[in-house]
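Since the structure comes first, as structure tokens, the remarks are kept for the end.
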Amino acid sequence: MTELLLGTWAAGGSARPLTPLLLYTLTNSTIGVKRQRYSLGSNPVVMCYKMDAFLRGAKRKSSDTIQESTRDNDDDSTEVKLAMLASLFPDMSQELLLDALLANDGSVEQSASSLHDGQTQPKKPHNPTIGSQMSLKSFASKPSVIETTGSTKKAKLLSKKGTTLFLYDPLDVAEHTPCTIIHNFLPQEEANELLREMLEESKTFEKVTFKLFENVVQSPHTSSFYLATEAEVNMQKHEYYYYGGRLADVRRITPQLLLVRPKVQAAVNKEIQARIKNHYPNGKKLRCQRPDEWIPNAAFVNCYNGPREAVGYHSDHLTYLGPRAVIGSLSLGVARHFRVRRIVPKDTDNNLIEDPDMQGQISIHLPHNSLLIMHAEMQEEWKHSIAPALAIDPHPISANRRINITYRDYKPNFHPRFTPRCKCNLPAILRTVQRKKDNWGKYFWMCHRGNIPGKEKCSFFEWADFDDDGIPSWDKARYRKSSTPGDQESIIHSPETQQPTITER
């Protein structure tokens, strides 16, 4: 830690003065701990590619510049990462900093190195307009399903490290990602009416703002929450915590959102069963996946105004959803690309335990009136983002705006009055070990008070204990004891008493 004591940061062979925020960055990540030139980890976008390259290309060596830690800044939100970069490069715009994060897979370390060396501009693709693509099945030598009894084999990922594979066909999306996409989900006029309603609502949406040290950080798009009753709105504002604080903009559900909700519920539940039958080992649900019906008890709505509004790579918080959460996401308005990449765990020797090609990106085209379902393996094993666009085709109703409605099943036995509390007496946050092989896939609770300005997180850490159905070990002794007969059933199934969740955007 010599560099810290001297008050300088070594990157790219040169030194820079430390700021309070950079000091936080250095002490909570691997930046600057060793004096060395960091690899840039560039991730160029490939829009015109030869499919044979994906099928026959040689495997690439893994990079070992980033060490594994359950506190790696890869788990931080986009806003936190932007704040870190803003402290290092105060004269650069947030758009440029966000571009750097997206180009470097969300790594603050690699983004800082590329910005410092002046390598901030992404390569221009050959054709930025919306294209088309035949199914990749015509290129495959053999199917991924090896038996007809429901036992399946993981599909060979066609994306390669450092490249982006673009998918348009629903069959390819289901085969190569943890998602299902349904095009033309709603009747045309119903989709347009919902879009018009949300565009009007979005005029009063706000950007999520919080402070990190002395920096005020804003989300790169606007948003709001929608719930069924005023009682639910008040409960969400006063009993739930996110990033150490509470939400302000929570609203009653609109008529069109209420009309669409049962259709989303039916479609998602149908696709969950299809996913289990056709893609999971032996045709059985994943461990910790809930067997009960998925109920969309809240709508979180984002508005992306223009091609530059985006969100970096992240996994959605599971604190109030529980493990193996399923999320339904309805896209309206201008089309954008939804990028996903698998999280590759490493062993104690810092080598990949699986195919290094898995670090490549896959981009899913999201047109107007499409429903994307993120299945039970998504949040624990993959990260996702909405990338800035170089060009977009304006929509006749929304022009350059995209509305994204995410429906979620908020579990009553994960209410903050039941979940563990840290030493700060705040509800702990639920996370998953995603990088380290030894404990990969295990869940744990930890403090998140460090997101409050001027506060530090405590040392609280507790391994989470869930049964095969994702029920926490304290459910029978604590949750049911607190509920009178009949309350539990009404909380879970009544549309008038269901609660929302939030993304980490």
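Using the UniProt record's numbering, the first residue of the sequence shown is number 1, and each one after it goes up by one. We put the beta carbon where it would ideally sit given N, CA and C, even for glycine. This structure is a prediction, so every number in the text was calculated from the model and none was measured.
- In this structure Asn234 is exposed. Its beta-carbon is surrounded by fewer than 16 other beta-carbon atoms within 10 angstroms.
- Comparing alpha carbon positions, the residue from Ser370, Cys303, His384 closest to Arg401 is Cys303.
- Of Thr177, Ile397, Val208, Ser459, the smallest CA-CA separation from Gly333 is found for Ile397.
- For Asn305, the enclosing beta strand (DSSP E) stretches over residues 298-305.
- Only buried fits Ser363, as 16 or more other CB atoms lie within 10 angstroms of its CB.
- The C-beta of Asn104 has 16 or more other C-beta atoms within 10 Å across all chains shown, which makes the residue buried.
- For Gln236, the secondary structure class from DSSP, reduced to helix, strand or coil, is helix.
- In this structure, DSSP gives Pro170 a helical state, which the three-state scheme calls helix.
- Taking 8 Å as the upper bound for CB-CB distance, Ser331 and Ser370 are in contact here, some 5 Å apart.
- Shown here, Gly470 sits in coil according to DSSP, grouped into three states, outside any helix or strand.
- Under the 8 Å Cβ criterion, the segment 388-396 does not count as touching the segment 280-299, having fewer than three qualifying pairs.
- As DSSP reads the structure, Lys436 sits in a beta bridge with Lys346.
- Collapsing the DSSP output to three states places Lys457 in coil.
- Met198: member of the alpha helix (DSSP H) spanning 188-202, first to last residue.
- A distance below 7 Å between beta-carbons, with the five flanking residues on each side excluded, links Asp469 to the following residues of its chain, in chain order: Arg290, Pro291.
- In this structure, Tyr242 lies away from Ala298, with their beta-carbon atoms at least 8 Å apart.
- The beta carbon of Leu115 is closer than 6 Å to those of Phe89, Ala100 in its chain, skipping five residues each way along the sequence.
- Under the criterion of beta carbons closer than 8 Å, Leu194 and Gln256 qualify as touching, at roughly 4 Å.
- Under the three-pair Cβ rule at 8 Å, the segment 311-324 does not count as touching the segment 185-194.
- Within the model, the alpha-carbon separation for Thr254 versus Thr229 is close to 11 Å.
- Put simply, the backbone Cα of Val301 is about 14 Å away from that of Glu309.
- Judged by their CB atoms, Val264 and Pro296 are nearer to each other than the 8 Å cut-off.
- Of the residues assessed, Ser202 falls on the buried side of the cut-off, its CB having 16 or more other CB atoms within 10 angstroms.
- Note: His365 is bridge-paired with His337 in the DSSP secondary-structure output.
- Between Asn413 and Pro345, the beta carbon gap of about 29 Å keeps them out of contact (Cβ cut-off 8 Å).
- Ranked by Cα distance from Ser223, the first of Tyr240, Ala248, Trp463 is Ala248.
- Per DSSP, reduced to three states, the secondary structure at Lys263 is helical.
- Beta-carbon to beta-carbon, Met378 and Pro178 are separated by about 4 Å, close enough to satisfy the 8 Å threshold.
- Setting aside the 5 residues that flank it on each side, His337 is surrounded in the same chain by Phe166, Ser363, Ile364, His365, Leu366, Ile386, Ala387, Ala389, each with a C-beta closer than 8 Å to its C-beta; the list follows chain order.
- Ala428 is a Cβ neighbour of Met446, given a cutoff of 8 Å.
- In the three-state DSSP reduction, Phe414 falls in the helix class (H, G or I).
- No residue range can be given for Leu321, since it is assigned to no alpha helix (DSSP H) and is classified by DSSP as neither H nor E.
- If you draw a 10 Å sphere on the C-beta of Ser107, you find 16 or more other C-beta atoms in it, and that means buried.
- With fewer than 16 neighbouring CB atoms inside 10 Å of its own CB, Ser93 falls in the exposed class.
- The beta carbons of Leu96 and Leu82 sit about 11 Å from each other, so the pair does not count as a contact at 8 Å.
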